[in-house]
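See below for the structure under consideration.
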Amino acid sequence: MGRRNALKQKREQSDFKSMMEWALGHPNPGDPLPKMPNGYTTLQEIVADLDQERVIRYVKEELYLSVADFRKIMEIQATTENPDWKEVYRLVEKAQTKKRNFTYPPIGKTEIKNIHGSSLVDAEEGQVTKAQRFQTFGNITQTSQNSIGFAVTSPVLLLQEGTRKITLTFASEGNTLNRDTFQEILSSDPFEIYLSSEAQWIQPQAFEAKVGDFIVEEPLDYYSSTELSLSSTASDNDNLTSVSFSEGSEHTFSESDDVGQLLVWNDGKIFKIIGLVRDKEANIQQIGIGNFPQEAVSTDQINLYRNSAIYLNSLQFQLTLDPTLPAILPPKPDESTFFLDTPYPVVKILLKEISSAENTQEKLYYDQFKSVRLEKVKIQVKVENSQDVQLRNDNSVLNPKIPFQPFGNNPKVGSGFYFANREISTKKLDSLAINMEWMGLPKDFATHYEAYSSTGVITDAITNNSFKASLKLFNNRSRVDFEKNDKEIFTEKTITITGTGENQEEKTI
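As structure tokens, then:
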């Protein structure tokens, strides 16, 4: 209707001739009509000789009208009483569409509600069978549905007890994930998530799906914005510039530790360290800008990250499983997992299937997700209240279900207390917190041991922080130090160990 209104406006503001030239002018709209046969200069001369072959050919080939339609247009425009201009606009627009090769948008829309799968021929392995006739587009009575989605498997997902939190961050390739579109889709809760267990697939009590920019690792180092500054001028080499520490800064750049890593500025800009100019100056290149949460960037701090720590324009799922849910274990082989033959646990992320009984406003967002290409995933897990722990000291194996003396009944310097857990032993840890509940612990060790210090039995006063233990990792039959400072075992209820590795895995898809 838009072009018909334009024709109407053109005729009313100018005249019939201008309207015809705007619709059918050659070669462009508004140009004169194509050259007429027999030296004619008006359409009135054309309509008077519609019995001539040359005139008929002109109407059909140059004006893209049938003889009958052209005659009707000319008759209406010559009428003085109530001319049917709507019919003129309709016929001229039809000719204009042919001449200008207009294409109309498709009427209606195509929407995928569900995807069904069916075996055409069932046969055992090695068995020869003959294909039967089948309905190409399926049977309307077919009720089985095929889940559309993807799955991830990893030993990091082996989580047997406690409150388990899993974070899966998927990096997308190029611009295949449109953030604005997917932000709107995620509000419709389009996913179902399942995790494998020994007997069945289980669903987390809660999960959250987000799209955005994510920092998935802790910074390697951080610098004040007053000690690290960008060069005021960039080089001509592909957006290359430099960054330098102030002379008073104790920090320097290292070829082995810093080149290839990322600097995230306090405005979200991300720079990759390309090479060193000197120990306090490096060449950097901006690779993007992240829309990070406010707590991830500081107004006066620049953070140094591993190259693998930044996920831009990514899809993230955060799952929570409480202690009542079964252990997350490798799935048993069955029809639902034929596509993944793995010794490790599996998490499946599926688009929700929609039944006819459900709200007709719900959608299967296959069309929106089918173009998304994922290239890698970061898997991070956090477990709280893990209690399946094996304990012993230098004398015997200990029962964790009853009170015990961790260093024996006669502890001395060098006495050992050992604990092990299968999950802890098979994962690279980012941190480990040990909750200690002491039985009969004196409130004040200074008062408790006052008799020893007052009589001179001991020379140094004993306080609550006098009792310390070193922490070592027993690995491949050797002890490895991973904490420089000893831990005070009575002053705090929780002993936290950090810097032992990464309780996460990055997989390239």
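The opening residue of the sequence shown carries number 1 in full-length UniProt numbering; numbering runs sequentially from there.
Beta carbons are placed, not taken as given, at the ideal position from N, Cα and C, and that holds for glycine.
Note that the coordinates shown come from a computational prediction; the quantities given were computed from them, not determined experimentally.
#### Entry: Distance between residue 264 and residue 101 (C-alpha atoms, nearest Å)
By 1-based counting over the sequence shown, the position of residue 101 is 101. By 1-based counting over the sequence shown, the position of residue 264 is 264. One C-alpha to the other measures close to 52 Å.
### Message
Distance check for residue 452 and residue 458, CA to CA, integer angstroms please.
### Response
In the sequence shown, residue 458 corresponds to position 458, counting from 1. In the sequence shown, residue 452 corresponds to position 452, counting from 1. Residue 458 and residue 452 have their C-alpha atoms spaced approximately 6 Å apart.
### Query
Does residue 38 get closer than 8 Å to chain C when you measure Cβ to Cβ?
Absence of chain C from the displayed structure is noted, only one protein chain being present.
### Query
Exposed or buried, which one is residue 24 when buried takes at least 16 other CB atoms within 10 Å?
By one-based count along the sequence shown, residue 24 stands at place 24. Buried, since its Cβ has 16 or more Cβ neighbours within 10 Å.
#### Entry: Beta-carbon contacts of residue 420 that lie in its chain and below 6 Å, excluding the five residues immediately before and after
The residue you call residue 420 lines up with position 420 of the sequence shown. Excluding sequence neighbours, residue 420 sits near 390.
#### Entry: Secondary structure of residue 366, DSSP reduced to three states
For the purposes of this step, residue 366 is identified with residue 366 of the sequence shown, where counting begins at 1. Residue 366: helix per DSSP, three-state reduction.
### Query
Looking only at DSSP bridge pairs, what is residue 475 linked to?
As a working note, residue 475 is residue 475 in the sequence shown. Beta-bridge pairing links residue 475 to 478.
### Query
Tell me, which residues are paired with residue 269 by DSSP?
Taking the sequence shown and counting its residues from 1, one reaches residue 269 at position 269. DSSP output for residue 269 lists 289 as bridge partner(s).
### Message
Can you tell me whether residue 95 is buried or exposed? The criterion is at least 16 other CB atoms within 10 Å of its CB, across all chains shown.
### Response
Sequence index remark: in the sequence shown, residue 95 carries index 95 (1-based). With 16 or more neighbouring CB atoms inside 10 Å of its own CB, residue 95 falls in the buried class.
### Task
Sort 63, 157, 71 by Cα distance to residue 379 and report the nearest one.
Reading the sequence shown from its first residue, position 379 is the one you call residue 379. Taking the Cα of residue 379 as reference, the smallest distance to any Cα among 63, 157, 71 is reached at 157.
### Query
Taking just the CA atoms, how far does residue 270 sit from residue 240?
On the sequence shown, position 240 is the one that residue 240 refers to. On the sequence shown, position 270 is the one that residue 270 refers to. Cα to Cα, the separation comes out at about 13 Å.
#### Entry: Per DSSP, the bridge partner or partners of residue 244
Start at 1 with the first residue of the sequence shown, and residue 244 comes out as number 244. Answer is 229, 281.
### Query
Sorted by chain position, which residues of the same chain lie with C-beta nearer than 8 Å to residue 274's C-beta, five sequence neighbours on each side aside?
Here residue 274 corresponds to residue number 274 of the sequence shown, with the count starting at 1. Excluding residues within five positions, the ones whose Cβ falls inside 8 Å are 240, 259, 282, 283, 284, 285.
### Query
Comparing alpha-carbon positions, which option in 189, 381, 395 lies nearest residue 321?
Within the sequence shown, residue 321 is the residue found at index 321, counting from 1. Taking the Cα of residue 321 as reference, the smallest distance to any Cα among 189, 381, 395 is reached at 381.
### Message
For a test of the three-state rule: what should DSSP assign to residue 417, helix, strand or coil?
### Response
For the purposes of this step, residue 417 is taken as residue 417 along the sequence shown, with counting starting at 1. Strand.
#### Entry: alpha helix (DSSP H) segment containing residue 149, residue limits
For the purposes of this step, residue 149 is taken as the residue at position 149 of the sequence shown. First-last for residue 149: 149-153, but that is the beta strand (DSSP E), not the alpha helix (DSSP H).
#### Entry: Enclosing alpha helix (DSSP H) for residue 16 [first to last residue]
On the sequence shown, position 16 is the one that residue 16 refers to. Residue range 16-24 is occupied by the alpha helix (DSSP H) that includes residue 16.
### Task
Taking residue 309 as the reference, give the member of 290, 327, 319 with the closest Cα.
The count along the sequence shown starts at 1 and reaches residue 309 at position 309. Answer by Cα proximity: 290.
### Message
According to DSSP, is residue 222 part of a helix, a strand, or is it coil?
### Response
Within the sequence shown, numbered from 1, the residue matching residue 222 stands at position 222. Shown here, residue 222 sits in a strand according to DSSP, grouped into three states.
### Exposed unless 16 or more other CB atoms sit within 10 angstroms - verdict on residue 313
As a position in the sequence shown, residue 313 is number 313, starting the count at 1. Its Cβ being crowded by 16 or more others within 10 Å, residue 313 is buried.
### Query
Contact check, residue 352 vs residue 247 under 8 Å by CB: the rounded distance?
For the purposes of this step, residue 352 is taken as the residue at position 352 of the sequence shown. For the purposes of this step, residue 247 is taken as the residue at position 247 of the sequence shown. So it is not a contact: roughly 60 Å between Cβ atoms.
### Query
In whole angstroms, what separates the C-alpha of residue 154 from that of residue 195?
Here residue 154 refers to the residue found at position 154 when the sequence shown is read from its first residue. Here residue 195 refers to the residue found at position 195 when the sequence shown is read from its first residue. Distance between the alpha carbons of residue 154 and residue 195 is about 12 Å.
### Task
Taking only the alpha-carbon atoms, compute the straight-line gap between residue 300 and residue 180 and give it to the nearest angstrom.
The residue labelled residue 300 in the question sits at position 300 within the sequence shown. The residue labelled residue 180 in the question sits at position 180 within the sequence shown. Roughly 30 Å between the two C-alpha positions.
### Message
With a threshold of 8 Å on Cβ separation, who are the neighbours of residue 488 within its own chain once the five nearest residues in sequence on each side are excluded?
### Response
Translated into the one-based positions of the sequence shown, residue 488 becomes position 488. Same-chain partners within the cutoff: 464, 465, 467, 468.
### Query
With residue 383 and residue 162 assumed to form a contact (beta carbons below 8 Å), what rounded beta-carbon distance in angstroms separates them?
The count along the sequence shown starts at 1 and reaches residue 383 at position 383. The count along the sequence shown starts at 1 and reaches residue 162 at position 162. Under the criterion of beta carbons closer than 8 Å, residue 383 and residue 162 qualify as touching, at roughly 5 Å.
### Query
Quick one: what's got a C-beta closer than 8 Å to residue 67's C-beta in the same chain, skipping five residues either side?
As a working mapping, residue 67 is identified with position 67 in the sequence shown. Apart from the 5 residues on each side of it in sequence, residue 67 sits with its Cβ closer than 8 Å to the Cβ of 50, 56, 59, 60 in its chain, given in chain order.
### Message
Judging by CA-CA distance, which residue of 207, 257, 242 is the nearest neighbour of residue 221?
### Response
Translated into the one-based positions of the sequence shown, residue 221 becomes position 221. Closest by alpha carbon: 257.
### Query
Hey, quick one: how far does the alpha helix (DSSP H) through residue 261 stretch, first residue to last?
Mapped onto the sequence shown, residue 261 falls at position 261. No alpha helix (DSSP H) contains residue 261, which DSSP labels as neither H nor E.
#### Entry: For residue 213, the three-state DSSP class (helix, strand or coil)
As a working note, residue 213 is residue 213 in the sequence shown. Here residue 213 sits in strand by DSSP.
### Query
Taking the runs of the alpha helix (DSSP H) that are 4 residues or longer, which of them lie wholly in the segment 48-104?
Runs of the alpha helix (DSSP H) inside the segment 48-104: 53-61, 67-78, 85-100.
### Query
With a CB to CB cut of under 8 Å and the five nearest residues on each side skipped, what residues in its chain are close to residue 490?
The count along the sequence shown starts at 1 and reaches residue 490 at position 490. Non-local beta-carbon contacts of residue 490 in its own chain, meaning distances under 8 Å to residues more than five positions away in sequence, involve 438, 441, 445, 464, 465, 467 in chain order.
### Task
Classify residue 445 as helix, strand or coil using the three-state DSSP reduction.
Numbered from 1 along the sequence shown, position 445 holds the residue referred to as residue 445. Three-state result, residue 445: helix.
### Task
Please name the residue, chosen from 71, 98, 99, that lies closest to residue 88 on a Cα-to-Cα basis.
Your numbering for residue 88 matches position 88 in the sequence shown. Comparing Cα-Cα distances from residue 88 to each of 71, 98, 99, the minimum goes to 71.
### Sub-8 Å separation of residue 8 and residue 18 beta-carbons
Numbered from 1 along the sequence shown, position 8 holds the residue referred to as residue 8. Numbered from 1 along the sequence shown, position 18 holds the residue referred to as residue 18. It is not a contact, given that the beta carbons lie outside the stated cut-off.
#### Entry: Close-in-space but distant-in-sequence residues of the same chain around residue 481 (CB under 7 Å, 5 per side omitted)
As a first step, residue 481 is located in the sequence shown; it is residue number 481 there, counting from the start. Counting only Cβ-Cβ distances below 7 Å, and skipping sequence neighbours, we find 472.
### Backbone secondary structure at residue 182 - three-state DSSP
As a working mapping, residue 182 is identified with position 182 in the sequence shown. Residue 182: helix per DSSP, three-state reduction.
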